[in-house]
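Residues 0 to 428 in numbering that gives the first Met the number 0 are what the sequence shown lists, from first letter to last.
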Amino acid sequence: MITAILIGLAPAILVLLFCSALISGTETAMTAASRSRMHRLERDGDKAAARVNRLINNQEKLIGAILLSNNAINIGASALATTVLTAAIPGPTGPLIATVMMTTLVVIFAEILPKTLAIAQPDKAARILSWPATWVVKIFGPLANSAQWVVRLTLRPFGIKLDMETDVLAAHEEIRGAVEYHHSEGLVENRDRLMLGGVLDLADMDVGQVMVHRKSISMIDISLPVREFVAAVLGSAHTRMPVYRDDPEDIVGFLHAKDLLRALAESDGDMGRLDLQAILREPWFIPDTTNLKDQLNAFLKRHTHFALVVDEYGGLKGLITLEDILEEIVGEIEDEHDVAVPGVRPQPDGSVSVDGSVPIRDLNRAMDWELPDEDAVTVAGLVIHEAQTIPRVGQTFIFHRHRFQIVRRERNQITALRVSPPIEAPVEE
Numbered sequence: 000m001i002t003a004i005l006i007g008l009a010p011a012i013l014v015l016l017f018c019s020a021l022i023s024g025t026e027t028a029m030t031a032a033s034r035s036r037m038h039r040l041e042r043d044g045d046k047a048a049a050r051v052n053r054l055i056n057n058q059e060k061l062i063g064a065i066l067l068s069n070n071a072i073n074i075g076a077s078a079l080a081t082t083v084l085t086a087a088i089p090g091p092t093g094p095l096i097a098t099v100m101m102t103t104l105v106v107i108f109a110e111i112l113p114k115t116l117a118i119a120q121p122d123k124a125a126r127i128l129s130w131p132a133t134w135v136v137k138i139f140g141p142l143a144n145s146a147q148w149v150v151r152l153t154l155r156p157f158g159i160k161l162d163m164e165t166d167v168l169a170a171h172e173e174i175r176g177a178v179e180y181h182h183s184e185g186l187v188e189n190r191d192r193l194m195l196g197g198v199l200d201l202a203d204m205d206v207g208q209v210m211v212h213r214k215s216i217s218m219i220d221i222s223l224p225v226r227e228f229v230a231a232v233l234g235s236a237h238t239r240m241p242v243y244r245d246d247p248e249d250i251v252g253f254l255h256a257k258d259l260l261r262a263l264a265e266s267d268g269d270m271g272r273l274d275l276q277a278i279l280r281e282p283w284f285i286p287d288t289t290n291l292k293d294q295l296n297a298f299l300k301r302h303t304h305f306a307l308v309v310d311e312y313g314g315l316k317g318l319i320t321l322e323d324i325l326e327e328i329v330g331e332i333e334d335e336h337d338v339a340v341p342g343v344r345p346q347p348d349g350s351v352s353v354d355g356s357v358p359i360r361d362l363n364r365a366m367d368w369e370l371p372d373e374d375a376v377t378v379a380g381l382v383i384h385e386a387q388t389i390p391r392v393g394q395t396f397i398f399h400r401h402r403f404q405i406v407r408r409e410r411n412q413i414t415a416l417r418v419s420p421p422i423e424a425p426v427e428e
């Protein structure tokens with residue numbers, strides 16, 4: 000009798016297990032498929048690859064729909080087998096047989112087998128399964144959104160607030176984690192790790208964190224005599240310089256050294272014939288809240304390398320160049336005209352003499368440290384932020400497992416510090 004019942008149930012259970020296997024394989028294939036290869040195939044006119052890209056672009060909805068549908072099918076198949084076997088076999092034996100049988104079938108044939116096949120050739124499997132996956136998302140997608148809303152509503156009383164747009168997969172963090180893991184395994188060099196991390200950090204940093212502060216900007220007064228003006232340009236290490244009239248706040252343009260040389264050539268070297276105002280270029284002002292990713296795109300779009308940064312009141316705050324942004328990715332870029340101003344000087348005892356104006360990110364790169372740069376841009380700014388005061392010369396502080404000793408101070412500005420390497424033993428800050 001049990002045999003007859005199982006034979007009668009077999010077609011329905013097999014169909015449900017087959018659907019479960021398809022969905023399990025889809026989950027593995029979609030998460031393991033190469034996005035770059037799918038994009039290339041889509042550009043070549045592959046419709047299946049286009050479907051895969053549409054599904055992957057809304058990965059949270061895809062995963063939610065797959066989980067809901069797969070669980071519904073597995074629970075349905077198990078409930079069907081349990082109901083029939085419980086009626087045929089009285090007592091606890093029927094449910095026990097159903098549990099063992101369905102667990103074995105689901106784990107082997109609906110989970111391990113399809114996922115093994117999908118991971119062997121994820122790109123091919125993703126393209127083949129993209130059609131059923133599309134229908135799964137259409138049917139279960141709204142239910143997945145509803146479940147997502149319930150989860151967020153449930154977490155809210157515990158102080159965990161997530162927007163509906165929150166990407167729980169956190170693609171950037173996954174990439175960062177993968178890079179850190181491979182670096183720890185010795186498969187990614189430290190320089191490559193810093194470069195990849197720099198690319199990921201661009202969207203989280205604004206121009207105020209990497210700009211040249213106004214007190215460090217090399218500017219020229221257009222009111223100077225022409226000969227002095229030209230001498231100042233030639234004596235500078237920069238090819239682009241802001242130009243002001245009388246007051247450094249009154250920026251009238253910026254000068255490209257190549258434009259000045261061209262004008263000198265056209266005037267046959269006669270400086271008296273130079274019209275400095277005519278060779279100036281229009282200054283480009285940007286707010287200090289612009290993030291580096293947007294500014295990089297703006298530089299590329301405008302085909303310019305130079306912008307002046309202003310605060311919310313319109314006052315000059317600093318300047319940023321394309322090179323400044325690229326240095327956040329590849330590290331310090333020096334050419335034959337750069338003036339070497341060492342801001343980080345390692346000492347024989349393992350400590351480091353640091354100029355207060357050195358950016359924290361530069362110090363971290365140079366020494367492979369992990370000092371935080373969320374609340375301050377420079378090393379001096381970090382000490383002032385943590386100490387909540389402007390320290391005196393000779394004072395020593397311990398923050399973030401490092402010892403900071405104030406070496407030199409000019410008025411209210413910390414100009415030199417000595418920083419120890421990370422202290423291994425736990426230290427109360």
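Beta carbons are placed, not taken as given, at the ideal position from N, Cα and C, and that holds for glycine. Nothing here was measured: the structure is a model prediction, and the numbers come from that model.
Query                                                                                                                                                                                     : Result
If the criterion is Cβ atoms closer than 8 Å, does the pair Gly355 and Thr414 meet it?                                                                                                    : yes
Which word fits Glu188, buried or exposed, when buried means at least 16 other C-beta atoms lie within 10 angstroms of its C-beta?                                                        : exposed
Is Ile88 helix, strand or coil when you go by DSSP?                                                                                                                                       : coil
Return the chain-ordered list of same chain residues with a C-beta closer than 6 Å to the C-beta of Leu321, the five sequence neighbours on each side being excluded.                     : Phe298, His304
Less than 8 Å between the CB atoms is what I'm expecting for Ala64 and Val135, so what's the real figure, rounded?                                                                        : 5 Å
Are there three or more Cβ pairs, one per stretch, closer than 8 Å when the segment 67-79 is compared with the segment 46-58?                                                             : no
Does DSSP classify Thr288 as helix, strand or coil?                                                                                                                                       : coil
Should Val206 be counted as a contact of the ligand SAM given a C-beta to heavy atom distance under 7 Å?                                                                                  : With respect to the ligand SAM, the structure offers nothing, as it holds no ligand at all.
Could you check whether the segment 205-220 touches the segment 242-250, counting it as contact only if at least three pairs of C-beta atoms, one from each stretch, sit closer than 8 Å? : yes
Return the residue from the list Ser183, Glu227, His237 that minimises the CA-CA distance to Val211.                                                                                      : His237
By the three-class DSSP mapping on this structure, what secondary structure does Gly342 have?                                                                                             : coil
In three-state terms, what does DSSP make of His38?                                                                                                                                       : helix
Is it the case that the segment 117-125 contacts the segment 27-42, given that we only count it when at least three CB pairs across the two stretches are under 8 Å?                      : yes
Who pairs with Arg364 in a beta bridge, going by DSSP?                                                                                                                                    : According to DSSP, which records beta bridges pairwise, Arg364 is partnered with nothing at all.
Note down, in chain order, each residue of its chain lying with its Cβ closer than 8 Å to the Cβ of Val353, except the 5 sequence neighbours on either side.                              : Gly342, Val343, Arg344, Leu362, Val378, Ala415, Leu416, Arg417, Val418
Alpha carbon to alpha carbon, what distance is there between Asn52 and Ala97?                                                                                                             : 40 Å
In this structure, does DSSP put His255 in helix, strand or coil?                                                                                                                         : strand
Report the start-end ranges of each alpha helix (DSSP H) in the segment 44-102 that is 4 residues or longer and not cut off at the edges.                                                 : 46-56, 58-87
Take Phe139 as the anchor and find which of Phe17, Met240, Ile62, Gly75 has the nearest alpha-carbon.                                                                                     : Ile62
Is the segment 191-202 close to the segment 276-287, with three or more CB pairs under 8 Å?                                                                                               : no
Within the same chain, show all residues whose beta-carbon is closer than 7 Å to that of Leu168, passing over the 5 residues directly before and after it, in chain order.                : Reliability fails at Leu168, whose pLDDT of 39 lies under 50, so the model's placement of it is uncertain and no value is given.
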